[in-house]
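Chemist: Residue numbers (the numbering used here), protein chains in the order written: chain A, 124 to 453; chain B, 124 to 453. Sending over a structure as structure tokens; questions will come in a sec.
Number of protein chains: 2
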Amino acid sequence: MNKTVREVVLAHPITEPPVAADFAVIKRELPRQLPAGALHVRPLVLGLDPYIGQRIRGRHMGEPAPAPGESLPGEVVASVLSSSDEAFSVGDYVVGHTGWADEAVVRAAAMRKVDPAQGLAEHLGILGIPGLTAWAAMTQLASIGAGDIVTIDAAAGAVGGTAGQLAKLAGATVIGIVGGPDKARIVTDQYRLDAAVDYHKPGWQGELPGGIAVHLENVGQRVLDVVLPRLRPYGQIVLCGLAQHYADGSAALLPVGPIIGKRAVVRGLIVYDFLPRLGEWTSYAAPLIREGRLVEVRDCANGLGEAPAQMERVARGLTRGRAVVDLRGS
Amino acid sequence: MNKTVREVVLAHPITEPPVAADFAVIKRELPRQLPAGALHVRPLVLGLDPYIGQRIRGRHMGEPAPAPGESLPGEVVASVLSSSDEAFSVGDYVVGHTGWADEAVVRAAAMRKVDPAQGLAEHLGILGIPGLTAWAAMTQLASIGAGDIVTIDAAAGAVGGTAGQLAKLAGATVIGIVGGPDKARIVTDQYRLDAAVDYHKPGWQGELPGGIAVHLENVGQRVLDVVLPRLRPYGQIVLCGLAQHYADGSAALLPVGPIIGKRAVVRGLIVYDFLPRLGEWTSYAAPLIREGRLVEVRDCANGLGEAPAQMERVARGLTRGRAVVDLRGS
Chain A
124 MNKTVREVVL AHPITEPPVA ADFAVIKREL PRQLPAGALH VRPLVLGLDP YIGQRIRGRH
184 MGEPAPAPGE SLPGEVVASV LSSSDEAFSV GDYVVGHTGW ADEAVVRAAA MRKVDPAQGL
244 AEHLGILGIP GLTAWAAMTQ LASIGAGDIV TIDAAAGAVG GTAGQLAKLA GATVIGIVGG
304 PDKARIVTDQ YRLDAAVDYH KPGWQGELPG GIAVHLENVG QRVLDVVLPR LRPYGQIVLC
364 GLAQHYADGS AALLPVGPII GKRAVVRGLI VYDFLPRLGE WTSYAAPLIR EGRLVEVRDC
424 ANGLGEAPAQ MERVARGLTR GRAVVDLRGS
Chain B
124 MNKTVREVVL AHPITEPPVA ADFAVIKREL PRQLPAGALH VRPLVLGLDP YIGQRIRGRH
184 MGEPAPAPGE SLPGEVVASV LSSSDEAFSV GDYVVGHTGW ADEAVVRAAA MRKVDPAQGL
244 AEHLGILGIP GLTAWAAMTQ LASIGAGDIV TIDAAAGAVG GTAGQLAKLA GATVIGIVGG
304 PDKARIVTDQ YRLDAAVDYH KPGWQGELPG GIAVHLENVG QRVLDVVLPR LRPYGQIVLC
364 GLAQHYADGS AALLPVGPII GKRAVVRGLI VYDFLPRLGE WTSYAAPLIR EGRLVEVRDC
424 ANGLGEAPAQ MERVARGLTR GRAVVDLRGS
């Protein structure tokens, strides 16, 4: 090989949510010889998540931040250019962390093969971890009956949008909770949920009905406090993230009295527990996506050079739907 | 009839936890003629619970406090002296609220018949609402496997003592959490749980192991905060009361982050939902009680006149096990 490639890395350590100027493009030399058990890959699409903004400043699950110059976290769909692992062949498509780079050499065991006939960017969103999160939350942790009222926080996002559609498929009346009118439109017009409630609007609390059977929370206190009194007896809350609190490190708290009073069931979800069942989800979802019965809204930036600006937009909550960077045009 | 009976009532409205001097014994005239659908009963044993202390000062589930002179809440086992309801006969034994009285006339529909062969005081405790609470918590809400570590707050109490024994019967290693060495002895010597941890002892937190599979909480924040970090992944918390908070009206709060991190399942329990299944519980439990495989510790005062002092002891947390007043000796 002996090839020079571009990679986006941190320009300096950061303590605040990342902005575009925190990143730099460096040149990196790929190893001349592919080590054993490795893949030489070409990243095609990069997925960007809010957690990355926390992770690269050392605020995610206790993991250390990458040092300036080190590869950044973020799942990528990539094509295999060469392989020294017998489980992978040239032309395979894989998903995993490669760094934000033109090309990369990665450990084969850390990559998972995906079916390009099911999509490419889809494997970072609706067919990937966010979709798996939504599936686990709505079908494995929650129990949804036809006619149930289901509320979904961050319903325009990658997890929430899929979760809302899955609840609709289960026959529920689904209300998406979002911040801002354009996200509300995504929820009603693109994900076709029954209603959107915009928590930027004064009095939004009054738009939520009583009798909520299932609530999915991936943001934090602000919505939890409003939903809990509106939960029906035996109502279920699935907790799968605290985006509102990642930024400031504050704690979200659930009052015990109303949990007892409502006979509520509260469940915490860590999506990685469900990784062995990803194939179960993708083979269920891929035909629905093909038929247009499950949709994914993507917010796509073009070219490796745009990754820093897109990351800043993700960290500021400005992206709509699944945030990705298409690296093919760079 | 035309009979004068004694009844214990509030002497004056109260705002603080009750003390003996808050009560008075009055004389009451029973109606000359038994109304339709009524029972004339002789209370035999009165059960006293912490919630009564809240209820009679207007602090329980929004119900108004009884006015001075009105009958007090509290379940009683009584024998039927005469009946104008075809579902009940003279000599039947019933449980329900009669007031704290020598004799009383009550609505038949509000009483439930019990089997005296299963016990008398038992129907107010282990075979009554506290036992049903323990059964619902340990067998219907929680799922306990052999070898699981189970922790029980207020383990010397009527609910906790039965819950701990049920967890033992399910094959768990059970640790009771109590306040004080005499309660700790009840837990290990009488309920035969595996260990007791006394939260009055400095450093008690360190005596709790990690890997807790199921925790039963009926007290509040103090123990919850210590147990949550020691819960095993997928651990279960059943919430069935907040005795610590009834007294001061403060809120107990569960942090959402650790619930997610632990993939915990938190369930709220209201025992009244399980009342239709009380027979299921008593026919399971009565033979175990007979064989000594389930025991109940009772703290018994003797005579109607002792009810006020016993209520004060309950409100101050001084009773041990199921607090009752035997009215037969009065």
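The beta-carbon is built from N, C-alpha and C at its ideal position, and this holds for glycine as well.
Taking any Cβ of chain A, which residues in the stretch 380-395 of chain B have a Cβ under 9 Å from it, in chain order?
Modeler: Listed by position along the chain: Gly380, Pro381, Ile382, Ile383, Gly384, Lys385, Arg386, Ala387, Val388, Val389, Arg390, Gly391, Leu392, Ile393.
Chemist: Please tell me whether Leu289(B) has its Cβ less than 8 Å away from any Cβ of chain A.
Modeler: As a position in the second sequence, residue 289(B) is number 166, starting the count at 1. Taking Cβ atoms only, chain A never reaches closer than 8 Å to Leu289(B), which makes this a no.
Chemist: Return no unless some Cβ of chain A is closer than 8 Å to the Cβ of Pro431(B).
Modeler: If you number the second sequence from 1, residue 431(B) lands on position 308. It does not; no Cβ of chain A falls within 8 Å.
Chemist: Can you give the beta carbon distance from Ile360(B) to Glu330(B), rounded, assuming they're within the 8 Å contact cut?
Modeler: On the second sequence, residue 360(B) is found 237 positions in, with the first residue counted as 1. On the second sequence, residue 330(B) is found 207 positions in, with the first residue counted as 1. That belief does not hold up - the Cβ atoms of Ile360(B) and Glu330(B) are roughly 19 Å apart, past 8 Å.
Chemist: CB-CB under 6 Å to Arg235(B), same chain, minus the five flanking residues each way: which ones, in chain order?
Modeler: Within the second sequence, residue 235(B) is the residue found at index 112, counting from 1. Counting only Cβ-Cβ distances below 6 Å, and skipping sequence neighbours, we find Val218.
Chemist: Excluding five sequence neighbours on each side, which residues of the same chain lie with their C-beta closer than 6 Å to the C-beta of Ala319(B)?
Modeler: Translated into the one-based positions of the second sequence, residue 319(B) becomes position 196. Gly299, Val301, Ala307, Val310, Thr311, listed in sequence order.
Chemist: Quick one: residues in its chain with C-beta nearer than 7 Å to the C-beta of Val131(B), no 5 flanking neighbours on either side, listed in chain order?
Modeler: Taking the first residue of the second sequence as position 1, residue 131(B) is located at position 8. Closer than 7 Å at the Cβ level, and outside the excluded window around Val131(B), lie Phe146, Val148, Leu195, Trp223, Leu427, Ala430, Pro431.
Chemist: Anything in the stretch 348-368 of chain A with a Cβ closer than 8 Å to a Cβ of chain D? List those residues in chain order, please.
Modeler: The chain labelled as chain D is not found among the protein chains of the depicted structure, namely A and B.
Chemist: Using 8 Å for Cβ pairs, my map puts Gly303(B) next to Asp321(B). What's the rounded Cβ distance?
Modeler: Indexing the second sequence from 1 puts residue 303(B) at position 180. Indexing the second sequence from 1 puts residue 321(B) at position 198. Right, the Cβ-Cβ distance comes to about 6 Å (below 8 Å), so this counts as a contact.
Chemist: State the Cα-Cα distance for the pair Val388(A) and Leu392(B), rounded to the nearest angstrom.
Modeler: Within the first sequence, the letter at position 265 stands for residue 388(A). Within the second sequence, the letter at position 269 stands for residue 392(B). Taking the straight line joining both Cα atoms gives about 9 Å.
Chemist: So who's on the other strand from Ile298(A), going by DSSP bridges?
Modeler: Against the first sequence, residue 298(A) aligns to sequence position 175. Ile298(A) pairs with Thr274(A), Ala318(A).
Chemist: With 8 Å set as the bound, which would you pick, yes or no: does the beta-carbon of Leu377(B) sit closer than that to a beta-carbon of chain A?
Modeler: For the purposes of this step, residue 377(B) is taken as the residue at position 254 of the second sequence. Chain A contact via Cβ: present.
Chemist: Which residue from Gly415(A), Gly160(A), Ala134(A) puts its Cα closest to that of Gly122(A)?
Modeler: Here chain A covers residues 124 to 453 and nothing more, so residue 122(A) does not appear.
Chemist: Quick one: Cα of Leu204(A) to Cα of Val164(A), how far?
Modeler: Here residue 204(A) corresponds to residue number 81 of the first sequence, with the count starting at 1. Here residue 164(A) corresponds to residue number 41 of the first sequence, with the count starting at 1. Cα-Cα distance, rounded: 5 Å.
Chemist: Using a Cβ-Cβ distance under 8 Å, would Ala374(A) count as near chain B?
Modeler: Along the first sequence, read from residue 1 onward, the residue named residue 374(A) stands at position 251. Yes, because at least one Cβ of chain B sits closer than 8 Å to the Cβ of Ala374(A).
Chemist: Any idea which residues DSSP pairs Cys423(B) with across the strands?
Modeler: As a working note, residue 423(B) is residue 300 in the second sequence. DSSP lists Val447(B) as partners of Cys423(B).
Chemist: Given a cut-off of 8 Å, decide if Gly283(A) and Ile272(A) are closer than it, judged by their beta-carbon atoms.
Modeler: Against the first sequence, residue 272(A) aligns to sequence position 149. Against the first sequence, residue 283(A) aligns to sequence position 160. Not a contact, by the Cβ cut-off of 8 Å.
Chemist: Is DSSP giving Ile137(A) helix, strand or coil here?
Modeler: To locate residue 137(A), count along the first sequence from 1; it is residue 14. Three-state DSSP puts Ile137(A) in coil, outside helix and strand.
Chemist: Taking all protein chains shown into account, decide if Pro325(A) is buried (16 or more other Cβ within 10 angstroms of its Cβ) or exposed.
Modeler: What you label residue 325(A) is simply residue 202 of the first sequence in a count that begins at 1. That one is exposed.
Chemist: Tell me which residue opens and which closes the beta strand (DSSP E) that Ser206(A) is part of.
Modeler: Counted from its first residue, the first sequence places residue 206(A) at position 83. Ser206(A) -> beta strand (DSSP E) spans 198-206.
Chemist: Thr285(B) and Ala257(B): beta carbons closer than 8 Å?
Modeler: If you number the second sequence from 1, residue 285(B) lands on position 162. If you number the second sequence from 1, residue 257(B) lands on position 134. Judged by beta-carbon spacing, Ala257(B) lies within the 8 Å limit of Thr285(B), meaning their Cβ atoms are closer than that value.
Chemist: Can you give me the start and stop residues for the beta strand (DSSP E) that Tyr216(B) sits inside?
Modeler: As a first step, residue 216(B) is located in the second sequence; it is residue number 93 there, counting from the start. Counting along the chain, the beta strand (DSSP E) containing Tyr216(B) begins and ends at 216-220.
Chemist: Alpha carbon to alpha carbon, how far is His338(A) from Leu365(B)?
Modeler: Taking the first sequence and counting its residues from 1, one reaches residue 338(A) at position 215. Taking the second sequence and counting its residues from 1, one reaches residue 365(B) at position 242. C-alpha separation (whole angstroms): 24 Å.
Chemist: Do you know offhand how far Gln458(A)'s Cα is from Ala190(B)'s?
Modeler: There is simply no residue 458(A) to check, as chain A begins at 124 and stops at 453 in what is shown.
Chemist: Touching or not, the stretch 433-445 of chain A and the stretch 168-177 of chain A, by the rule of three or more beta carbon pairs under 8 Å?
Modeler: yes
Chemist: Tell me the rounded alpha-carbon separation between Pro253(B) and Arg180(B).
Modeler: The residue labelled residue 253(B) in the question sits at position 130 within the second sequence. The residue labelled residue 180(B) in the question sits at position 57 within the second sequence. Those two C-alpha atoms are separated by around 22 Å.
Chemist: From Asp396(A) to Arg345(A), what distance separates their C-alpha atoms?
Modeler: Position 273 of the first sequence, counting from 1, holds the residue named residue 396(A). Position 222 of the first sequence, counting from 1, holds the residue named residue 345(A). When rounded, the distance between both Cα atoms is 27 Å.
Chemist: Tell me whether the beta-carbon of Glu110(A) lies closer than 8 Å to the beta-carbon of Gly248(A).
Modeler: Residue 110(A) falls outside the range modelled here, since chain A spans only 124 to 453, and no answer is possible.
Chemist: If contacts are defined as beta-carbon pairs under 8 Å, then Ala281(A) and Arg445(A) qualify, I think. What distance do you get, rounded to the angstrom?
Modeler: Taking the first residue of the first sequence as 1, we reach residue 281(A) at position 158. Taking the first residue of the first sequence as 1, we reach residue 445(A) at position 322. Sure, about 4 Å apart at Cβ, within 8 Å.
Chemist: My understanding is that Val237(B) touches Asp449(B), with C-beta atoms under 8 Å, so please give their C-beta distance in whole angstroms.
Modeler: For the purposes of this step, residue 237(B) is taken as the residue at position 114 of the second sequence. For the purposes of this step, residue 449(B) is taken as the residue at position 326 of the second sequence. The distance from the Cβ of Val237(B) to that of Asp449(B) is about 16 Å, inconsistent with a contact at the 8 Å cut-off.
Chemist: When DSSP labels each residue in this structure, what does Ala116(B) get in the three-state scheme?
Modeler: Outside the modelled stretch of chain B, which goes from 124 to 453, sits residue 116(B), for which no answer is possible.
Chemist: Pick helix, strand or coil for Gly192(A), following the three-state DSSP scheme.
Modeler: By 1-based counting over the first sequence, the position of residue 192(A) is 69. The answer is coil: DSSP assigns Gly192(A) none of H, G, I, E or B.
Chemist: Which of the three DSSP states, helix, strand or coil, is assigned to Lys150(B)?
Modeler: What you label residue 150(B) is simply residue 27 of the second sequence in a count that begins at 1. Residue state, collapsed to three classes: strand.
Chemist: Could you tell me whether the Cβ atoms of Val394(A) and Leu255(A) are closer together than 8 Å?
Modeler: As a first step, residue 394(A) is located in the first sequence; it is residue number 271 there, counting from the start. As a first step, residue 255(A) is located in the first sequence; it is residue number 132 there, counting from the start. Yes, the Cβ-Cβ distance between Val394(A) and Leu255(A) is below 8 Å.
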